[in-house]
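So the structure is just underneath, and the comments pick up after that.
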Amino acid sequence: MKNILFLIFLFVVFFAKSTFALIEIDITRGNLNPLPIAVSPLHVESKSSEILQEIKVGSEISKIIENNLLRSGLFNPLEKDSFVQKPDIAHLKPRFEDWKLIKAQALITGKVNITNDKLRIEFRLWDILAAKELMALAFTTVPNNWRRVAHIITDKIYKRLTGEEGYFDTRIIYVAEKGPKNQRIKRLAIMDQDGANTKYLTLGNELVLTPRFNPTNQMVTYMSYFRNLPRVYLLDIETGVQEVVGDFAGMTFAPRFSPDGKKIIMSFAKDGNSDIFTMDLETRVVERITEHPAIDTSPSYSPDGKYICFNSDRSGYQQIYVMRSDGSDVKRITFGQGIYGTPVWSPRGDLIAFTKMYQGKFYIGVMRTDGSGERLLTENYYQEAPSWSPNGRVLIFYRETKSGSQGEGFSATLWSIDLTGYNERLIETLTDASDPSWSSLLSK
Amino acid sequence: MNKSIFLSTIFHILIFSLSVMSFPYMLKKPIDLPPIISIELIQISDITNIPYAPKARKILEKIKKEKERVVSEQAPPKVVKKEKPDAIPLPEDVKKQKKIETKKQNPKKIETEIKQTSEFEKKELFDPNQIAALIDKSKVETAETMRKSDKLTQSQDKNFIASSLTLSEEDALKAQIFGCWSIPLGLPYNENLLVRIKLKLKQDGTVIKSEILDHARMNTPGQAFYKVLAESALRAVRLCQPLRVPTTGYERWKDLQLNFDANEMLKG
Amino acid sequence: MLLRYSLRNILLIIMAALILSACAAKTTKKIETQTTQITGDTYTGDETVKYLATGVPDRVFFATNKSVLTTASRDTLRKQAAWLRENKSINVTVEGHADERGTREYNLALGERRANAAKDYLMTYGISGNRISTISYGKERPVNSGSGPLAWSQNRRSVTVKAN
Chain A
0 MKNILFLIFL
10 FVVFFAKSTF
20 ALIEIDITRG
30 NLNPLPIAVS
40 PLHVESKSSE
50 ILQEIKVGSE
60 ISKIIENNLL
70 RSGLFNPLEK
80 DSFVQKPDIA
90 HLKPRFEDWK
100 LIKAQALITG
110 KVNITNDKLR
120 IEFRLWDILA
130 AKELMALAFT
140 TVPNNWRRVA
150 HIITDKIYKR
160 LTGEEGYFDT
170 RIIYVAEKGP
180 KNQRIKRLAI
190 MDQDGANTKY
200 LTLGNELVLT
210 PRFNPTNQMV
220 TYMSYFRNLP
230 RVYLLDIETG
240 VQEVVGDFAG
250 MTFAPRFSPD
260 GKKIIMSFAK
270 DGNSDIFTMD
280 LETRVVERIT
290 EHPAIDTSPS
300 YSPDGKYICF
310 NSDRSGYQQI
320 YVMRSDGSDV
330 KRITFGQGIY
340 GTPVWSPRGD
350 LIAFTKMYQG
360 KFYIGVMRTD
370 GSGERLLTEN
380 YYQEAPSWSP
390 NGRVLIFYRE
400 TKSGSQGEGF
410 SATLWSIDLT
420 GYNERLIETL
430 TDASDPSWSS
440 LLSK
Chain B
0 MNKSIFLSTI
10 FHILIFSLSV
20 MSFPYMLKKP
30 IDLPPIISIE
40 LIQISDITNI
50 PYAPKARKIL
60 EKIKKEKERV
70 VSEQAPPKVV
80 KKEKPDAIPL
90 PEDVKKQKKI
100 ETKKQNPKKI
110 ETEIKQTSEF
120 EKKELFDPNQ
130 IAALIDKSKV
140 ETAETMRKSD
150 KLTQSQDKNF
160 IASSLTLSEE
170 DALKAQIFGC
180 WSIPLGLPYN
190 ENLLVRIKLK
200 LKQDGTVIKS
210 EILDHARMNT
220 PGQAFYKVLA
230 ESALRAVRLC
240 QPLRVPTTGY
250 ERWKDLQLNF
260 DANEMLKG
Chain C
0 MLLRYSLRNI
10 LLIIMAALIL
20 SACAAKTTKK
30 IETQTTQITG
40 DTYTGDETVK
50 YLATGVPDRV
60 FFATNKSVLT
70 TASRDTLRKQ
80 AAWLRENKSI
90 NVTVEGHADE
100 RGTREYNLAL
110 GERRANAAKD
120 YLMTYGISGN
130 RISTISYGKE
140 RPVNSGSGPL
150 AWSQNRRSVT
160 VKAN
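As you go down the protein sequences, you meet chains A, B and C in turn. When you line the first sequence up against numbering that gives the first Met the number 0, it's residues 0 to 443, in that order. When you line the second sequence up against numbering that gives the first Met the number 0, it's residues 0 to 267, in that order. When you line the third sequence up against numbering that gives the first Met the number 0, it's residues 0 to 163, in that order.
Structure (C-alpha cells):
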C-alpha cells in the first residue's frame, strides 16, 4: 500500500512536469558527405549561332561547374548518364521525382544563347527535395568569356548551398619551372584556379621567386635575380610593366602586399642580417619594422592590417612570431616540437597557416593566431609555402619530390588541401610549378 | 504505524489533487496514463547513447576509409544496431513484467499494453538528466504547447498525455536524421547555428507539415547562413521521410520538434 | 643419424656467421667513407671543390641551419685571403647557399648569412670590403642535385668566385 502510494506520488510529480512539453529532439550531428548534385548540361538554344553548338559551350560550362564542385570536396556531382530529363525541359520545370530517383538533392540547369553578339548564360539552382527553385541568374558577356561565367556560376551555387563565399572565379600566380635541378629555369605564370588559361609573364632569363597578388589582383610583387641583384619587384599584369621596389643596398626578398594594397612588406638583408621593412608604394617611404640580429623573414599581415606574423630564428631555430604592425609587442607563438616557417594569415583572420619541419618531414598546418590549436593537415617529403583561398577554406602549396643522385626523379607540383585535411588535390600545371599564390575573387 | 500510513496517504492525495487541479488534462482520465513501469530504471543510458563524435575530422576519416559510403548513400549509420546491448532484458521479459504490474494496477490496461509490441518498448526507461532538461524547456513551451494541443486534438484523444519519447525511440529517430542531414560545411561556426523545425506527422512517419520556428531570421541581413542551414535541415527531414517513428503512441509524437544544431559538428 | 644432423647444423651456423660478417664488413666500410666526408654535419671532402688557384679551394661548408665557420673553413678562407692579397686586381663575389631542406625564404636569408660569414672572415684578414660582394641563392642552385645527407652537406656552402 505504502509502495503504491509512493509510486503514485513519484509518478504525479514526474508527469506533472513533463506532460505538456512538445516532444523535442536535438539533432546535433549530421553527415559530412558531399552533397549529391546533378549538373545538367546547359541547353544551347537552336536559334543561336552554330559556333556555340560546335564548341559545345553548354556541356563545357556544366563540366567546369561540375569539376569545380567536385574539387571543393563538398559536392558529389552525379553521373550524367543517369539523367532522365532533357536539359531544355529540365530548365523550364524539372520533374523533381525523376531527379529524386537518382538521389540528387540539388539540380543545376541552364541555357545559353547569343543575342546581339553577346553571350547570354542563364542558370537555375533547384532544391530537389523541397521541389523549389533556390536561385536563378543570367549573365551577359563576350562569347569567349564563357569559362569565367562557369566559375562565377559555381561561386553563386557554392555560396547558396554552403553559406560561404566561393573561390572559383580566381587565379593562381606561380613559378613555372623546367630544366635540371641545379639550373632550373623559372618563369612567372598565371592561370585560372582550375589550371586552365596558363600564361607566362616572364621569359625565364633570370631567376624569379615567390610572386604574390595585391588585393585587387592587378599587381604582383615577386623576387627577381635580374642582373644578379636579388630584389623585390612589382609587376603590373595588365601592362606588363616591371619595376624594382625601393632602393635597397642589398637583397630584398619575401615580399607581400599589405591588406589595403598600399604597402609592400618584405625582408631586407644587410651585412648578412635579415630584418623586416615596409615600403609605401605611393610615398616610397621605407620603414623598418624589426631590428634584431637574428633572421626575420616571411612577414604576412593580418587582414585588418593591425598585426604581422613572421618567421624568425631569434630563439635559435625558425619559429613563428606575431607583432603589431609597427613592430612592437613581439610574441613568439610556436612552441611545439620541430621548426616552423612561412606563416600566412588567413583572410578570415582566425588562423595562421604554416610550414612545419619535424624529424625530416614537412607539414602544412594551421593554428590559431595565438599559436594554440595547431593542426597538421598534410605530411610529405618536402612541401611548403601555403597560400589561402579567398574564403579561407583551402590552402594551395607546392611539393618537391626526392631526387636521385643526379637529380633524376625531381619534380615540383602544386597541391591544394582544405581545412578538414582530407580533401587533398593535385593542381595540374603545364610545367613543374612552385610558389603558388591565390588571388582574391575576381568578381565581387 | 497506521497513523503514519494515514498521514502519508493524506499527504499524497493532497499533492496529487493539487497537481491534478493545476493541470486540467489530468482530470479527465488520469487512469489512462502510461503504466508505472516507466519508472522502472534500467541503467543502460551509456549504451543507448550513440557514440558521440563531434569532430568533423573523425567522421571524415571514417568516410575516407569506406569510400563506397560517400556516394550519396544516405542510409542511416549502422550505429543503432551495434548498440543493442546484451544486457537489455528480452522483449518477452519486459512484457511479462508489464503485464504483471499493469494487472495489479489497472486490468483494463492490459489490452493496450499488449499491443505495444514495438521493439522500442524493450528499453522503457528514462534518463533523469533528460527529464531535468525537459522540465526547463517545458516551462518555456508550456503555454504554446497547450494552445496548440487544444487545437489539434478534439476527440477523446485529447485525454492523452503527451510525454517524451523513450531514449531508444529518440535514438532511432536521431540516427536516421543524422544520416540524412548534410551539414553545410561553410557555415560560420562562431554563430548561433540552431534551427528549430516543427513537424506534423502522419502515423506512418511521413511529414504533413514542416515549419521553421525562427522564420524571421531567414531573411535577416547578415544571417544568410541561417537560411542555408534551415534549408539543409528541411532537406534532411524530407530525405528521411518517412521518419522512423514508434509504431505506437501516435498521439505522443504527431507533433514533433526537431532542433538542428550544427555548432558541435563545425566547431570540432 | 644424429651426427649427420648436428653436422648439418654446424654447417648452417658457419654459413650464417659468414653471411652476417660479410654484411657487417660492408656497412662499416660505407660508414667509413661517409665519415671521412662529413664531420658532424659539415662536409669535409673535396668532391665538389674547385680552386681559385693552386692550393686555394673556392668554397667552405656549413652545418645544417648554421653559418658558423669551422676550423677547416677558416683555414680555407685564410688561403683565399692570402691569394687575394697577392692578386690585388681581383674582386670576388661570395655566394651563399643552403640545402633543399628548408623553406625558400628562410634559405635565402640563411645563404646571405653564410656568404657574409665568409666575407667577414676575409675582411679580418685584411681584404677590403669593397673587393667582396655577396649574393645569396638560398636553395636555388645546388651543386649536388641528389636528395640525401651527402648532397645536402655539399650544398650548404659559400663559394668565392672571381667577379672580374
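The beta-carbon is built from N, C-alpha and C at its ideal position, and this holds for glycine as well. On a predicted model such as this, the values are computed, not experimentally measured, just so you know.
- Between P187/B and M217/B, the alpha-carbon positions lie close to 15 angstroms from each other.
- With a beta-carbon spacing of about 18 angstroms, R103/C and T428/A fall beyond the 8 angstroms limit used to define contacts.
- Close to chain C, meaning a Cβ-Cβ distance shorter than 8 angstroms, are the following residues of the region 267 to 288 of chain A: A268, D270, G271, N272, S273.
- Under the three-state reduction of DSSP, K401/A is assigned to coil, being neither helix nor strand.
- For Y362/A, the closest Cβ of chain C is not nearer than 8 angstroms.
- Within the DSSP bridge table, the entry for G408/A names no partner.
- Separation of P76/A and T277/A (C-alpha to C-alpha, rounded to the nearest whole angstrom) is 46 angstroms.
- Fewer than three beta-carbon pairs drawn from the region 360 to 380 of chain A and the region 122 to 130 of chain C are found closer than 8 angstroms, and the two stretches are therefore not classed as touching.
- Cβ-Cβ distances below 8 angstroms link Y397/A to Y173, Q382, E383, A384, A411, T412, L413, W414, A432, S433, D434, P435 in the same chain, with the five nearest sequence neighbours on each side left out; the list follows chain order.
- Per DSSP, the continuous alpha helix (DSSP H) segment holding K62/A begins and ends at 56 to 71.
- With respect to chain A, the C-beta atom of P183/B has a partner C-beta closer than 8 angstroms.
- Secondary structure note for R251/B: its alpha helix (DSSP H) is the uninterrupted segment 249 to 252.
- When DSSP states are grouped into helix, strand and coil, V329/A belongs to the coil group.
- A straight-line Cα-Cα distance of about 31 angstroms links S157/C and Q241/A.
- Using beta-carbon distances, F5/B does not count as an interface residue toward chain A, since no partner is under 8 angstroms.
- Under the three-state reduction of DSSP, K198/A is assigned to strand.
- Residue burial annotation: G101/C is buried, with at least 16 other C-beta atoms found within 10 angstroms of its C-beta.
- Just so you know, the alpha carbons of G304/A and D259/A end up roughly 8 angstroms apart.
- Secondary structure of P148/C (DSSP, three-state): helix.
- Annotated three-state conformation of T102/C is coil, per DSSP.
- By the criterion of a C-beta distance shorter than 8 angstroms, Q358/A is surrounded in its chain by G337, once the five residues flanking it on both sides are discounted.
- In the DSSP assignment, G178/B falls within the alpha helix (DSSP H) that extends over 166 to 179.
- In this structure D40/C touches S152/C by the C-beta definition: roughly 7 angstroms separates them, less than 8 angstroms.
- About 15 angstroms separates the Cβ atoms of T368/A and S297/A, ruling out a contact at the 8 angstroms cut-off.
- According to DSSP, D279/A shares a beta bridge with K262/A.
- DSSP, read as helix, strand or coil, puts A117/C in helix.
- By the beta-carbon neighbour count (other beta carbons within 10 angstroms, threshold 16), Y380/A is exposed.
- Uninterrupted beta strand (DSSP E) stretches at least 3 residues long and entirely within the region 323 to 371 of chain A occur at 338 to 344, 350 to 357, 360 to 367, given in chain order.
- Judged by DSSP secondary structure, R237/B falls within the alpha helix (DSSP H) whose first and last residues are 223 to 239.
- Chain A places no beta carbon closer than 8 angstroms to that of N191/B, leaving this residue out of the contacts.
- Going by beta carbons, L34/A and F82/A fall outside the 8 angstroms limit.
- Look at the region 30 to 86 of chain C and you find these whole runs of beta strand (DSSP E), each 3 residues long or longer: 50 to 52, 58 to 60.
- The beta carbon of N262/B sits closer than 6 angstroms to the beta carbons of L192 from its chain, once the five residues preceding and following it are set aside; these are given in chain order.
- Contacts between K173/B and chain A, judged by CB atoms closer than 7 angstroms, involve I24, I26 in chain order.
- Nearest CB-CB separation between L34/A and chain B: below the 8 angstroms threshold.
- Scanning the region 115 to 178 of chain A from its first residue to its last, the whole beta strand (DSSP E) runs of 3-plus residues come out as 117 to 126, 131 to 140, 170 to 177.
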